[in-house]
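Chemist: So in UniProt numbering the end of the sequence shown lands on 124, straight run, no missing numbers. We put the CB at the ideal spot given by N, CA and C, even for glycine.
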Amino acid sequence: GLPPYDDANIFARILRGEIPCKKVHEDEYALAFHDIAPQAPAHVLVIPKGRWVSAADFHAGASAEAIAGFWRVVSAVAKSLGLEASGYRILSNMGPDAGQEVPHFHVHIFGGRRLGRMVP
Ligand code: 5GP
5 GLPPYDDANI FARILRGEIP CKKVHEDEYA LAFHDIAPQA PAHVLVIPKG RWVSAADFHA
65 GASAEAIAGF WRVVSAVAKS LGLEASGYRI LSNMGPDAGQ EVPHFHVHIF GGRRLGRMVP
């Protein structure tokens, strides 16, 4: 299963301002910033502000307002990056089999080129 939340994880440190990031958007629900190792012309991470390891515990534990606020940021950021017309992909890795590296829930937004078929 997933580990308990670790306040020393890199995204917690970014949220606390201890590590810089290239910020795209921030509000009470979420922080969006450019991935440090972009896999597409547009590659942005969106993270909620709460202490959630994965989508599973975020959706189980956060308020409906916080969940809606987070997902609205995901869509608004994709739009602000100019991806709405051409399309984009959102993805979240959960746990070892998905290769989740950072144990703070995050959604990747990929876009800016044809991404190819989504296969494992
Ligand atoms: P995961 O594999 O957990 O879904 O994705 C973690 C992502 O976070 C990777 O795409 C990685 O490049 C990105 N990442 C890791 N450390 C940092 C960092 O310190 N700053 C930024 N902006 N992205 C990071």
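Can you list, in chain order, the residues of its chain with a C-beta nearer than 7 Å to that of A59? Leave out the 5 residues immediately preceding and following it.
Modeler: These residues qualify, in order along the chain: S96, M98 and F109.
Chemist: Report the partner residues of A36 according to the DSSP bridge assignment.
Modeler: DSSP lists H29 and V50 as partners of A36.
Chemist: Tell me which same chain residues have a C-beta within less than 7 Å of the C-beta of P7, skipping the five on either side of it?
Modeler: V57 and P107.
Chemist: Within 10 angstroms of the Cβ of P45, are there 16 or more other Cβ atoms? Answer buried if so, exposed if not.
Modeler: It counts as exposed.
Chemist: Per DSSP, which one or two residues make a beta bridge with I18?
Modeler: In DSSP, I18 forms no bridge with anything.
Chemist: With 16 as the cutoff for other CB atoms within 10 Å, does A102 come out buried or exposed?
Modeler: Under this definition A102 is an exposed residue.
Chemist: In three-state DSSP terms, what is R93?
Modeler: The answer is strand: DSSP assigns R93 an E or B state.
Chemist: For a quick check, are the C-beta atoms of V78 and V123 less than 8 Å apart?
Modeler: Cβ atoms of V78 and V123: not closer than 8 Å.
Chemist: Can you grab the Cα-Cα spacing for the pair K83 / A66, in whole Å?
Modeler: For K83 and A66, the distance between alpha carbons rounds to 25 Å.
Chemist: Below 8 Å CB to CB, which residues in the same chain sit around A34 once its five sequence neighbours on both sides are set aside?
Modeler: V50, I51, P52, K53, G73, F74, V77 and V78, listed in sequence order.
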